[in-house]
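Contents: one structure, followed by commentary.
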Amino acid sequence: MPRISDVYGRRIYNEGSGFIGVAKDVLIDPAEGKIKFLLREEASSILGRDTAEARKFIKQNFIAFEHVKAVGDIIIVR
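Right, here's the structure in full:
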């Protein structure tokens, strides 16, 4: 399992080499100590949003870590 420092600030691409964004934040499962989501925006950006806006933000900016195929100089997701 990669560390936060391995993913933070890395550029994220899909398998077709399409640029998705930059990993600006992560969500960690405290019970497992593992990264669960990469975020294309800082998590604090969701504060103060109403429910509909928050759902839209999550859908647009959260990437489930289970979709990560490779972490190196860039992150590749499926």
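Taking this note's numbering, I'd label the letters of the sequence shown as residues 1490 to 1567.
We put the beta carbon where it would ideally sit given N, CA and C, even for glycine.
The model shown is predicted, which means the values in this text are computed figures rather than measured ones.
With fewer than 16 other Cβ atoms inside 10 Å of its own Cβ, residue 1508 counts as exposed. For residue 1499, the closest C-alpha among the options 1512, 1491, 1506 is that of 1512. Rounded to the nearest angstrom, the Cβ distance from residue 1525 to residue 1518 is 5 Å, consistent with a contact under 8 Å. Leaving aside the five residues that flank residue 1532 on each side, the residues in its chain whose CB is nearer than 6 Å to its CB run, in chain order, 1514.
If you draw a straight line from the Cα of residue 1529 to the Cα of residue 1548, it comes to about 11 Å.
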